[in-house]
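Take any residue in the sequence shown, count from 1 to its spot, add 452: that is its number in my numbering. Here a beta-carbon is modelled for each residue, glycine too, at the ideal position from N, C-alpha and C. Below is one structure, written out as structure tokens, with a few remarks after it.
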Amino acid sequence: MAFINYATKSLAIKIVYYGPGLSGKTTNIRYIYSKMDPDSRGELICLETPIERTLFFDLLPIRAGLINEFNTHFQLMTVPGQVFYEASRKSVVKGVDGIVFVADSQVPLIDANLENFDNLRRNLLDHDIDLNLIPLVFQYNKRDLENLIPVETFNSLLNPQGRPYVESSAINGDGVLETLKEIAKITVPWVREKLFGEKRDSEDKEEQLRRIREAEAKRAEVKTEIEFVPEKEAAPIRMTKIKFKTQVDVEDQLESLAKEFTSKK
Ligand SMILES: Nc1nc2c(ncn2[C@@H]2O[C@H](COP(=O)(O)OP(=O)(O)OP(=O)(O)O)[C@@H](O)[C@H]2O)c(=O)[nH]1
Ligand SMILES: [Mg+2]
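So this is what it looks like as structure tokens:
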């Protein structure tokens, strides 16, 4: 659930980039960083192994304008895709508001995509989040390569519900900002209604499902107040590296990073 600070009138919406190892999640975040106006984004925080594989998470806060008079930013986060970092993935999806599933389009990786999507479903359920009831955009990445999984196959295997999807080549930046805009368009109205809308205690799952699909269908018409301010030149990436002693620190660190940025005006 979005993190709200009434004292500073600020709101943090958490968007998680999920997907198998090496599918291009960190590449998305780095590209977004390089294309944002420095005033519109915070620092990029990466926790990596020496060979640039994500260890715990990447975090990039970007400003998203005003929502109901609350100064809002997105916390863009990635999970580590490698199978053995399960505990990190579980921590990162806690309180998530929207998911970008970054799939790797190479034919031999079809099973890795399906298994990872299943892993996402299970990790969300551990936090009582139903994958069907959370804003979700698919990104079919690495379309610049050969021997690709056809989009129709991806859609029938991963996305039978017809949720939004974007074809991308994150390494060239193609489709990266489009994906971010798509997830923003669905997530912002959803969070706004959850936080500021009427209480719907008695609402059943069917009704929630109907409303989230309605929000997705209407996304083209929704005005979100979000202005992306791309720079002409790519900015050099300045990263903050944080050392962790144990896995237990991850959740504490996540919470304090969210609070830190949310309390800034
Ligand atoms: N050809 C091609 N390569 C890509 C694309 N996107 C990412 N890559 C490359 O794939 C490799 C892995 O990218 P990352 O962004 O680090 O992958 P990740 O999903 O963050 O991986 P983990 O952190 O291990 O989960 C890097 O060498 C990228 O340059 C793409 O669209 N096309
Ligand atoms: Mg990564």
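Cβ pair residue i, residue j closer than 8 Å
| i | j | result |
| --- | --- | --- |
| phenylalanine 648 | leucine 610 | no |
| leucine 518 | isoleucine 497 | no |
| isoleucine 635 | valine 589 | yes |
| asparagine 607 | serine 475 | no |
| leucine 583 | arginine 573 | yes |
| threonine 631 | glutamine 660 | no |
| alanine 622 | threonine 479 | yes |
Assigned exposure category for residue i - 16 Cβ within 10 Å defines buried
| i | result |
| --- | --- |
| tyrosine 458 | exposed |
| valine 559 | exposed |
| phenylalanine 536 | exposed |
| threonine 646 | The residue you asked about is not threonine; residue 646 is lysine in the sequence shown. Looking at its Cβ environment, which holds fewer than 16 other Cβ atoms inside 10 Å, lysine 646 is exposed. |
| alanine 516 | buried |
| leucine 597 | exposed |
Option in the options with minimal Cα separation from residue i
| i | options | result |
| --- | --- | --- |
| glycine 625 | Ile484, Phe509, Lys466 | Ile484 |
| tyrosine 469 | Asn593, Val554, Asp491 | Val554 |
| lysine 657 | Asp580, Pro472, Glu630 | Asp580 |
| phenylalanine 509 | Asn520, Ala669, Arg665, Arg541 | Arg541 |
| isoleucine 664 | Asn571, Lys477, Arg615, Ala564 | Arg615 |
| glutamate 521 | Glu619, Ala622, Pro612, Thr460 | Thr460 |
| arginine 482 | Ile601, Leu629, Leu561, Ala564 | Leu629 |
| glycine 547 | Lys633, Asp578, Ser492, Asn571 | Asp578 |
| asparagine 523 | Ala622, Phe536, Met529, Ser492 | Ser492 |
| lysine 633 | Asn575, Phe526, Asp556 | Phe526 |
| alanine 539 | Leu576, Lys487, Pro612 | Leu576 |
| valine 552 | Ala669, Tyr617, Arg662, Ser486 | Tyr617 |
Close Cβ partners of residue i (< 8 Å) along its chain, the five nearest in sequence each way excluded
| i | result |
| --- | --- |
| aspartate 549 | Met453, Ala454, Ile465, Lys466, Ile467, Ile586, Pro587, Thr639, Trp642, Val643 |
| aspartate 556 | Gly471, Pro472, Leu474, Ser475, Gly476, Ala564, Asn565, Asn593, Lys594 |
Contacts around residue i, its chain only, beta-carbon distance under 6 Å, and the 5 residues preceding and following it disregarded
| i | result |
| --- | --- |
| isoleucine 456 | Leu463 |
| asparagine 599 | Val559 |
| glycine 473 | Gly533, Gln534 |
| valine 531 | Tyr470, Arg541, Val544 |
| alanine 564 | Pro472 |
| lysine 477 | Tyr469, Gly471, Thr530, Val554 |
| leucine 528 | Ile467, Ile481, Leu512 |
Same chain only: Cβ atoms within 7 Å of residue i, ignoring 5 sequence neighbours per side
| i | result |
| --- | --- |
| glutamate 619 | Tyr592, Arg595, Val603, Gly627 |
| isoleucine 562 | Ile601 |
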